[in-house]
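Residue numbers (our numbering): 1 to 290.
For glycine and all other residues, C-beta sits at the position ideal for the given N, C-alpha and C.
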Amino acid sequence: MLVMMMSFQNKSLNSQYPISIKMEISKKVSLYFLIFLLFTCCKPDGGDPIVNPPTAKKLLFTWNFSESNPLHDLNELTPNVSIVSDPLDNSNKVMQVVLPTGEYRTEASVGAGSPHYFYIDKSTDSIHGDEIWAGVRILKYKEPFSGANTNASIFQIGPVQRTNDPTNGSGLYQLILSTTTDKWKWREFTSSCNPGYYADTISTTRYGKWERFVLHCRFRSNNTGLMEVWKNDVKIYSAARQNGVQYDRTRIKWGIYIGAGNTVHETIKCYFDDIKIGNLNAGYNDVVPK
């Protein structure tokens, strides 16, 4: 095509114009052809210009509690959940959770409707998918802790609900603080896919210091299910196995929970900061607290 255009151009110019005009016209024709060539190269088969695909979304929710709306996308909040100054850094704001005497639960949960759930075996066709990455900083002081239950759930992936029977719900995974042993435990509830309840000790609690946790859950009804936990950049737990059944869905909570029917005899506090929740496109570095 280029040869034909240049041949036509030369024949036309040789027969009609003086050399100075010929040169000027030749330059313009060459420029127009170059523009045409660039344009057609950027439009395959005459379609739209090539553009880079949008970056896949990794983080679904983030909370640093210094925002103008620090409790966004959270519910089940009570007057016992508040934003306060960091006990170790007065310039920083954090979430404080208080479990008063005689109570058994003070928690914040990520929403309540379907946009906030992770669905089992739904890696591509649900809002969030079936893979969860979560990062959180937790600060706990050693306090008197007496009552019917001295194992407090501090952060959990759960509870699980059945989408075909919303009244049928149970726990899934809990990061538990045992105040009798001063250890962190990782608990999985008894379920139809795992009839053996367990609560494994995974790490010693560092009272009075911020501890950084990352949780990774692949929520599957087959043996590709996975649960991993890191503390302060060290992996402290890993289990690959089925961790749910068909129709399961789950979400995320944190706070202080000692189980219905139990109470504490002294007020208990816990602090949270730098919480990030990601989907299957996220990874460790996207959610790990700084």
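{"Query": "Inter-residue spacing [alpha-carbon to alpha-carbon] between W133 and G259", "Result": "25 Å"}
{"Query": "C-alpha gap between K235 and V160, whole angstroms", "Result": "25 Å"}
{"Query": "Own chain, CB closer than 6 Å to R346, minus 5 neighbours either side, in chain order", "Result": "With the chain covering only 1 through 290, there is no way to say anything about residue 346."}
{"Query": "With 16 other Cβ atoms within 10 Å as the buried cut-off, status of T180", "Result": "exposed"}
{"Query": "Residue burial classification, T101 (beta-carbon count within 10 angstroms, cutoff 16)", "Result": "exposed"}
{"Query": "Best match in S82, I154 and L215 for proximity to E228 [C-alpha to C-alpha]", "Result": "L215"}
{"Query": "Collapsed DSSP secondary structure at K43 in the structure displayed", "Result": "In this prediction, K43 has a pLDDT of 47, which is less than 50 and means its spatial position is unreliable; nothing more can be read from the coordinates."}
{"Query": "Helix, strand or coil at H216 [DSSP, three-state]", "Result": "strand"}
{"Query": "Span of the beta strand (DSSP E), counted from its first residue to its last, around V287", "Result": "Note, V287: premise wrong, no beta strand (DSSP E); alpha helix (DSSP H) at Y284 to V287."}
{"Query": "From Y104, T201 and G208, residue whose alpha carbon lies closest to that of T263", "Result": "Y104"}
{"Query": "Proximity below 7 Å, CB of K296 to CB of Q156", "Result": "The displayed coordinates of the chain run from 1 to 290. Any statement about residue 296 would go beyond what the structure contains."}
{"Query": "Cutoff 8 Å; reference I176; Cβ partners in own chain excluding five residues on either side", "Result": "N151, A152, S153, I154, W184, K185, W186, R187 and A199"}
{"Query": "Close beta carbons around T62, own chain, < 6 Å, minus the five adjacent residues each side", "Result": "K276"}
{"Query": "R206 versus R162, N90, S178 and K122, residue with shortest Cα-Cα distance", "Result": "S178"}
{"Query": "A108 beta carbon less than 7 Å from that of V84", "Result": "no"}
{"Query": "Short Cβ contact (7 Å threshold) for G158 with T250", "Result": "yes"}
{"Query": "Identity of the residues DSSP links to W230 by a beta bridge", "Result": "V214 and K235"}
{"Query": "Straight-line gap, S66 to G278 (C-alpha atoms, nearest Å)", "Result": "20 Å"}
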